[in-house]
Amino acid sequence: MMAETGPSWRLATMRLSPQIHASSGRTQRHLWPRISEPAARIGSSTGRWVVNDEVMIRSSIFCVSLAFAAILLAGEVQPAHGQEGPSVQQSIAAAQADLRHRRYSQAIQTLQEALKRFPGNSQLRVELGRTYVYERRDGRALEIFRGVLRDDPSNRMAKIELARLLSFREKYEPSNQLFREVLAADPNDEAAAIGLVRNLLLQKRKDEAGSELELALARHPNSIRLQEYKDDLQKNQLPLPEAHEISALNRVEADASYFSDNAGNRVLSAGQRLDVEMGRQVTNSLRIDEKSLWVSQGPKANIFTVNDEGRVRLARWLFVAGGAGIVRFADDSNRALYRGTLILHPFQSVWLQGGFSRIPITPTFRSTRFDVLAEGWWSRLDWQLRSWRISADFFKQHFSDSNRTQREDAEVLRWIGVSHFAVGLGYQYTHSSFSRTFSHGYFSPNQYHSHLGLGGFRFAAGKIYRGEFIAQFGAESLLQTPYQTAWQTTAKNRFILGRWEVGADYTYFHLAQPTGAFRAQVERFSLVYHF
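For what it's worth, our numbering labels the leading residue of the sequence shown as 178, then goes sequentially.
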């Protein structure tokens, strides 16, 4: 630090020194005359005033120069004491904020610029490696973590991050070694204990995992993650995979789907969506959809809708949302749309929401002649445990053609397996009722029930592909008639390429549809960009 301030101090001293010495010499001659020079003591009063003025001027110059030098010195010394710490932490905080919004390139640029100011800073290097992990550039991240450990073999964070990355790449032995090194240096390191236990469970080394888990729980009895691993061990299950990227809302999406049924109804839909997070408490979603409907080779009817919805977080567990939009029907008439929602998030795995909305009802070409709108209350429950998914929906709506409807849906699904392959089993129930049966182009039975069993599997191929295949088989009843066989199959495919996500889905239905048909199929394609 003094090396930075030295040159300026020496320069200020060199500039001031001639004035100090010259002024001192002249001051001695004028103010302290020798006793042997009586003539000087009887000089004129005018001469004394001139001498005193000169002394005062030179003394003032000296004081001002000295103060200016002190200011320069203080201005250089202060940054030297506080520059690296705050700047490093501020850069890391800015990069982490970018990560939360999936602005990976900006986060990397922020950290690289900080490293130019503070070359070799281990905190910045480790954070840069973490950012490359989130961007799925594992090779670059490995180079950085290993480089930090070459320079500082005892760096804890570099060991933890490298061990986690190796575990994600299923290189468990070198990952275990790093976790054990951290625990050898500090047996109370909870993150290392969690990582080691998880690796041993994934390696199916249950006895060793149990021993390590017992030691870890003795030191960290309140650790939720360790308690979950204890449950997994007792239930003879494998732990769920850790998230490899940060979940964020910001995205642009385009999708298209094609629906056809055995009654000749055809629907081609295309939509665009923009989701943006504005700060930590406010999000906004804009959706534009266009739908073209026809029967076999007949004329087409086009429906155009625009919806915009904002959501505000009032507390950790409480959100409110509201939106408005417009629909243009085939006859060029416009109707307002709206939606209000209250969202509760009391626990990490539970979401409960409900609200009031108005939406268009346009499943078929015939329905576009009546400009039907549905207005009413709705609610939804989502409960996602480690391997369970439970959801339920309720709707009670009043249609603009004076019809009324009520609908309840429920689904329970259990996944059994590991991160790259799992088998799912579950159950789905649906009930709906209408007060009147109209011929307005939408399915409106007085009573409808369906009970379907679910079975399927999902798997992952590397980091690029995710697939899910579900078959549902059971029975349905219409208008209190005996139950008839009903089933459907769904195939979902996701290709993840950095920030891009491509989806291709197909569903075949052998059960009642909103169009009134009992055979149908849907193809859907989507393209998503996260930013």
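For each residue, glycine too, the CB sits at the ideal point set by N, CA and C.
Remember, it's a predicted structure, so these values are computed and weren't measured experimentally.
Tell me which same chain residues have a C-beta within less than 7 Å of the C-beta of residue i, skipping the five on either side of it?
i      : result
Asn353 : Leu373 and Asn376
Gln624 : Ser610, Leu656 and Gln657
Ser437 : Arg443, Ala697 and Gln698
Among the options, whose alpha-carbon lies nearest the alpha-carbon of residue i?
i      : options                           : result
Trp471 : Asn442, Leu301 and Arg701         : Asn442
Ala697 : Leu704, Ala689 and Ser703         : Ala689
His707 : Ala478, Pro537, Arg428 and Gly487 : Arg428
Trp560 : His278, Pro364 and Pro523         : Pro523
Trp716 : Trp554, Val589 and Gln530         : The first residue shown for the chain is 178 and the last is 708, placing residue 716 beyond what the model contains.
Glu338 : Arg493, Ser299, Glu385 and Leu562 : Ser299
Leu343 : Leu379, Pro540 and Pro330         : Leu379
Tyr606 : Leu495, Phe650 and Ser446         : Phe650
Lys477 : Thr460, Glu653, Glu391 and Val444 : Val444
Ala440 : Thr518, Gly618 and Arg643         : Gly618
Ala668 : Ser654, Phe686, Leu656 and Glu645 : Glu645
Asp408 : Thr666, Leu562 and Arg346         : Leu562
Asp328 : Ser510, Phe686, Leu392 and Val303 : Val303
Asn484 : Ala361, Arg512, Arg490 and Leu301 : Arg512
Gly448 : Ser462, Met455, Asp438 and Ser437 : Ser462
Residues in the same chain with beta-carbon distance under 8 Å from residue i, minus the five sequence neighbours each way, listed in chain order, please.
i      : result
Ser264 : Ala291, Arg294 and Phe295
Gly158 : Past the boundaries of the shown model lies residue 158; the chain is included only from 178 to 708, so the question cannot be answered.
Ala247 : Note that Ala247 scores a pLDDT of 45, beneath 50, so its modelled location is shaky and nothing firm can be said.
Asp275 : Tyr281, Gln283, Ala284 and Thr287
Gln289 : Leu305
Check whether the Cβ of residue i lies closer than 7 Å to any heavy atom of the ligand GDP, and answer yes or no.
i      : result
Ser544 : Looking for the ligand GDP in the displayed structure turns up nothing, as the structure carries no ligands at all.
Going by beta carbon distance, what residues of the same chain come within less than 6 Å of residue i, once the five residues before and after it are set aside?
i      : result
Glu312 : Tyr281
Thr541 : Asn442, Gly618 and Thr692
Ser446 : Ser434 and Lys468
Ile285 : Thr308
Trp592 : Ser564, Ala599 and Gly601
Val527 : Trp560
Thr695 : Note that residue 695 is Phe in the sequence shown here, rather than Thr. Excluding positions up to five away in sequence, the list reads Ala689.
Ser703 : Asp432 and Gly680
Roughly how many angstroms lie between the CA atoms of residue i and residue j, to the nearest whole one?
i      : j      : result
Phe636 : Ala498 : 35 Å
Leu355 : Glu405 : 23 Å
Val705 : Ser388 : 44 Å
Gln661 : Leu629 : 12 Å
Ala335 : Arg402 : 22 Å
Arg382 : Glu320 : 29 Å
Leu631 : Trp664 : 10 Å
Asp586 : Arg516 : 20 Å
Ile647 : Thr684 : 10 Å
Ala681 : Arg450 : 17 Å
Val549 : Thr582 : 13 Å
Arg139 : Arg584 : Given a span of 178 to 708 for the chain in the structure shown, any question on residue 139 remains unanswerable.
Ser612 : Ser556 : 20 Å
Arg701 : Asp432 : 7 Å
Ala501 : Glu486 : 7 Å
Asn479 : Ser473 : 15 Å
Gly475 : Thr666 : 29 Å
Ile538 : Ser544 : 7 Å
Asp384 : Phe533 : 54 Å
Ser424 : Asp578 : With a pLDDT of 43 at Ser424, under the threshold of 50, the predicted position of this residue should be treated as unreliable, though the coordinate-derived value follows. Spanning the two alpha carbons is a distance of roughly 42 Å.
Thr518 : Gln266 : 38 Å
Can the beta-carbon of residue i be found less than 8 Å from the beta-carbon of residue j?
i      : j      : result
Phe576 : Ala551 : yes
Val679 : Phe634 : no
Phe672 : Ile641 : yes
Lys535 : Leu514 : Note on residue identity: the sequence assigns Arg, not Lys, to residue 535. Yes, Cβ-Cβ distance for Arg535 and Leu514 is below 8 Å.
Leu360 : Ala370 : yes
Thr482 : Asp508 : no
Ser268 : Leu301 : yes
Pro364 : Arg396 : yes
Ser621 : Glu653 : no
Leu521 : Leu495 : yes
Ala393 : Leu410 : no
Gly553 : Gln574 : yes
Asn580 : Phe547 : no
4 or more residues per run - each alpha helix (DSSP H) lying fully within the stretch 364-448: 367-379, 383-396 and 401-411
Whole runs of the alpha helix (DSSP H) within the stretch 281-328, excluding any shorter than 4 residues: 281-294, 299-311 and 315-328
Completely contained beta strand (DSSP E) runs for the stretch 597-677, where each covers 3 or more residues: 598-611, 625-638, 642-655 and 661-674
Runs of beta strand (DSSP E) wholly within the stretch 447-522 (minimum 3 residues, chain order): Correct list: 459-472, 478-492 and 495-505.
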